[in-house]
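Read in order, the letters of the sequence shown are residues 1 to 428 in UniProt numbering.
Backbone N, C-alpha and C define an ideal beta-carbon position, used for all residues, glycine too.
The next block holds one structure in the form of structure tokens; read it before the comments.
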Amino acid sequence: MAIAGGADFVECDVQLTADLQMVCRHEQNLNETTDALDRFPDRVRTHTIDGEESTGVHAIDLSLAELRTLRARQRFPFRDQSHNDRYPLVTFHEFLDLVERAPRVVGVYPETKHPTWHNALPQLRAANTTIQELVVSALHARGYGLGAHGSPEWRARPVFVQSFEMGSIRDMAAATRMPLVLLLGGWPGYRAPDSGMTHEEMTSPAALAEAARYVVGAGPWKGSLFTTVEDDVLPATDGSSSSSSSDSDSSSSSSSSSDSSSSIESSGGSDSGRSSTQSSSSEQGLSADAAHDMSLSAAATAAGGARLVSTGLVARLKAAGLQVHPYTLRDEPRFVPGPLGGDVGCELALLFAAEGVDGIFADYPATAAAWLRARRGAVGEGDVEAGVRRREGGEGVQGARPKAPAAGLPWSAALSSLVGLLPSLRVA
């Protein structure tokens with residue numbers, strides 16, 4: 001569905017099973033996205049993953065054969081539940097098979113999930129391997145990484161590999177030519193799982209310069225790209241001039257040039273595509289970034305005449321020479337920042353037209369793909385900017401958002417997609 005919707009890349013969050021098989025799942029804890037608790041109630045365990053306790057049935061406590069008996073469930077109660085208990089979970093190799101059968105060139109964008117936690121497990125220590133080594137080896141065996149980023153070889157088999165942990169990225173950089181992307185948190189209390197660094201520390205000029213030695217891009221949480229203020233308050237940004245969302249915006253996207261070849265990544269209707277922790281969230285079924293996305297909307301609504309002001313993070317990432325692929329856009333108004341009136345079309349304009357991101361992760365790639373096609377075609381830059389200013393009426397940009405979200409990826413809890421990058425492959 002992501003490929004049919006126009007995704008340029010499809011993401012897989014890689015987790016390991018007890019017998020070290022790679023599967024696509026955003027969470028190690030399978031309780032909310034599968035029927036694991038019904039089938040294996042005796043396998044409930046408590047693991048401390050990235051500093052947080054997670055209690056449930058975990059992939060690492062099941063063999064691949066056992067995991068294949070499970071069926072996927074939609075974790076968001078407000079989304080389509082009709083696909084529950086119908087589909088098996090997908091292995092990393094099955095995911096690669098699926099993408100390689102696409103009728104056009106589609107890239108892959110795997111994430112090494114919880115590398116520090118995974119690599120400390122007895123199974124991996126006994127096998128003298130790491131999750132990043134398993135992922136890189138599997139991709140190399142498929143012909144990924146034969147050429148540097150942007151080369152003809154890369155364009156024929158496009159790939160990015162991402163991680164929240166610089167340690168994992170450094171290890172991969174020593175073993176592959178595949179382009180790497182550093183994921184960034186940014187919600188209150190976030191710290192990198194391996195180093196314990198805060199978001200502010202990770203996005204300092206020195207830290208970004210160091211990261212740029214190993215990565216070609218960064219994947220920030222979209223909420224870190226702007227701040228919500230009341231109309232009579234205009235805070236200074238941390239690296240570029242401040243401006244309200246009606247002038248310049250505050251969003252991001254996930255991989256292509258910010259002009260005619262912007263891209264979108266869909267996060268598969270599952271989890272946010274990007275939280276680094278496993279367990280609790282402010283609302284049942286929501287991962288950390290999804291819960292914080294909803295809090296942004298709620299806080300802005302409560303504030304009344306609030307507006308969005310850029311934090312300057314996109315400009316600082318680009319100044320460090322990095323592409324910017326923020327996460328995660330979702331069509332439902334509850335996930336759209338409050339000042340945008342619940343219109344994801346305005347959010348797309350904010351990210352691409354105002355902030356100049358290179359691509360975005362999205363749960364519904366068809367929506368973002370349609371917006372980008374309109375932008376590249378009949379819609380001029382002036383019209384896009386006007387669309388941002390029209391947000392009070394919920395108009396969006398050229399009707400970029402359907403009146404009701406499409407059914408995109410209603411049951412997956414592991415996959416995402418990236419749109420707009422590959423039609424012209426104008427990649428820096």
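{"Query": "The alpha helix (DSSP H) enclosing Ile131, as first and last residue numbers", "Result": "Ile131 to Ala141"}
{"Query": "Coarse secondary structure for Glu385, derived from DSSP in three states", "Result": "Reliability fails at Glu385, whose pLDDT of 38 lies under 50, so the model's placement of it is uncertain and no value is given."}
{"Query": "Three CB pairs or more closer than 8 Å across the region 177-194 and the region 211-222", "Result": "yes"}
{"Query": "Between the CA atoms of Arg375 and Val30 - distance to the nearest angstrom", "Result": "A small fix is needed here, since residue 30 is Leu in this sequence, not Val. Looking at the two C-alpha atoms, the distance is approximately 39 Å."}
{"Query": "Cβ-Cβ distance between Glu32 and Arg79 below 8 Å", "Result": "no"}
{"Query": "Contact check, Thr112 vs Val14, beta carbons under 8 Å", "Result": "yes"}
{"Query": "Residue(s) in a DSSP beta bridge with Tyr109", "Result": "Glu11"}
{"Query": "With 16 other Cβ atoms within 10 Å as the buried cut-off, status of Pro115", "Result": "buried"}
{"Query": "Buried or exposed (CB count within 10 angstroms, at least 16 for buried), Glu355", "Result": "buried"}
{"Query": "Residue from Pro326, Gln323, Ile131 and Gly345 with nearest C-alpha to Pro333", "Result": "Gly345"}
{"Query": "Stretch pair the region 122-131 + the region 141-161: three plus CB contacts closer than 8 Å", "Result": "no"}
{"Query": "Option nearest Asp85 by Cα separation, candidates Val314, Arg68 and Leu96", "Result": "Arg68"}
{"Query": "Cβ-Cβ separation, Val57 to Ala36 (assumed contact under 8 Å), whole Å", "Result": "4 Å"}
{"Query": "Opposing strand residues paired with Leu183 [DSSP bridges]", "Result": "Gly219"}
{"Query": "Residues near Met202 in its chain [Cβ-Cβ closer than 7 Å; skip 5 each side]", "Result": "Leu184 and Ala192"}
{"Query": "Burial state of Glu165 (16 or more Cβ within 10 Å)", "Result": "buried"}
{"Query": "Euclidean distance between Cα positions of Leu139 and Phe95", "Result": "11 Å"}
{"Query": "Cα-Cα separation between Ser195 and Glu230, rounded to whole angstroms", "Result": "35 Å"}
{"Query": "Thr48, enclosing beta strand (DSSP E) - first and last residue", "Result": "Arg45 to Ile49"}
{"Query": "Burial state of Thr48, where buried means 16 or more other Cβ atoms lie within 10 Å", "Result": "exposed"}
{"Query": "Proximity below 8 Å, CB of His325 to CB of Phe361", "Result": "yes"}
{"Query": "Where Thr55 falls, given that 16 or more other Cβ within 10 Å makes a residue buried", "Result": "exposed"}
{"Query": "Cβ-based burial, Asp61 [other Cβ within 10 Å; buried from 16]", "Result": "buried"}
{"Query": "Of the residues Asp171, Val108 and Thr227, the one placed nearest Ala156, counting alpha carbons only", "Result": "Val108"}
{"Query": "Pair within 8 Å by beta-carbon distance, Pro337 and Thr176", "Result": "no"}
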